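S.K.: Quick one: this structure, given as structure tokens, is what I'll be asking you about.
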Amino acid sequence: MSSTVHGLEWYASTLRAWHLAVLRYAVTLDNADRLAVLRIAREIDRLARRFGGSAEFEFFRRTSAELCAAILRPGEPASAVLRQYLERIDDARLKRVFAAAIGAVPPTVSQVDGRLGRGNRLLKGLSSRTNHGP
Numbered sequence: 000m001s002s003t004v005h006g007l008e009w010y011a012s013t014l015r016a017w018h019l020a021v022l023r024y025a026v027t028l029d030n031a032d033r034l035a036v037l038r039i040a041r042e043i044d045r046l047a048r049r050f051g052g053s054a055e056f057e058f059f060r061r062t063s064a065e066l067c068a069a070i071l072r073p074g075e076p077a078s079a080v081l082r083q084y085l086e087r088i089d090d091a092r093l094k095r096v097f098a099a100a101i102g103a104v105p106p107t108v109s110q111v112d113g114r115l116g117r118g119n120r121l122l123k124g125l126s127s128r129t130n131h132g133p
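Be aware that the sequence shown starts at 0, since it is given in numbering that gives the first Met the number 0, and climbs by one per residue.
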């Protein structure tokens, strides 16, 4: 069980590293950054095979190659690839930053005001302390 948990943690951190590498490549367009994206993708695909996946599993390598090519050539087919990738990103901050890096319209995210009582319906209807007598 411990090795499975360790494997899942490694997979999650490697997946995040892959997303960040794609973002870095979108910003720099440097070949070394493109190669880093492909290296991480190869590692993720190799891990999937260890957990019972097909020997032909190449999702991340194929996706990485498509993303890197789409980043280099803006246009309608490339835009579709990039939009699909944006939809798959779970982290809202990463999604916004990547959208900005490729010049896409940032996805709409509902903003939550962290201060209590402002923009928060949790306390609506409760009387404030100043209204209470001694």
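C-beta: ideal position from N, C-alpha, C; glycine also.
Please read these numbers as outputs of a predicted model, since none were measured by experiment.
Candidates Tyr10, Glu8, Leu19: which alpha carbon is nearest aspartate 90's?
M.R.: Sequence index remark: in the sequence shown, residue 90 carries index 91 (1-based). Taking only the C-alpha atoms, the option nearest aspartate 90 is Leu19.
S.K.: Does DSSP put aspartate 112 in a helix, in a strand, or in coil?
M.R.: Start at 1 with the first residue of the sequence shown, and residue 112 comes out as number 113. With a pLDDT of only 43 at aspartate 112, under 50, the local geometry of the prediction cannot be trusted, and no value is derived from it.
S.K.: Which of the three DSSP states, helix, strand or coil, is assigned to valine 96?
M.R.: Numbered from its first residue, the sequence shown carries residue 96 at position 97. Helix.
S.K.: Sorted by chain position, which residues of the same chain lie with C-beta nearer than 8 angstroms to threonine 62's C-beta, five sequence neighbours on each side aside?
M.R.: The sequence position of residue 62 within the sequence shown is 63, counting from 1. Excluding sequence neighbours, threonine 62 sits near Ala40, Tyr84.
S.K.: Going along the chain, which residues of its own chain have a beta-carbon closer than 6 angstroms to the beta-carbon of arginine 23, five neighbours each way excluded?
M.R.: Here the question's residue 23 lines up with position 24 in the sequence shown. Counting only Cβ-Cβ distances below 6 angstroms, and skipping sequence neighbours, we find Asp32.
S.K.: Assuming leucine 71 contacts alanine 103 (C-beta within less than 8 angstroms), just tell me the rounded distance between them.
M.R.: Here residue 71 corresponds to residue number 72 of the sequence shown, with the count starting at 1. Here residue 103 corresponds to residue number 104 of the sequence shown, with the count starting at 1. Not confirmed; about 15 angstroms, so no contact.
S.K.: Between which two residues does the alpha helix (DSSP H) harbouring arginine 60 extend?
M.R.: Numbered from 1 along the sequence shown, position 61 holds the residue referred to as residue 60. Its alpha helix (DSSP H) spans residues 58-71.
S.K.: Tell me where the alpha helix (DSSP H) around glutamate 86 begins and ends.
M.R.: The residue labelled residue 86 in the question sits at position 87 within the sequence shown. From DSSP, the alpha helix (DSSP H) with glutamate 86 extends over 75-87.
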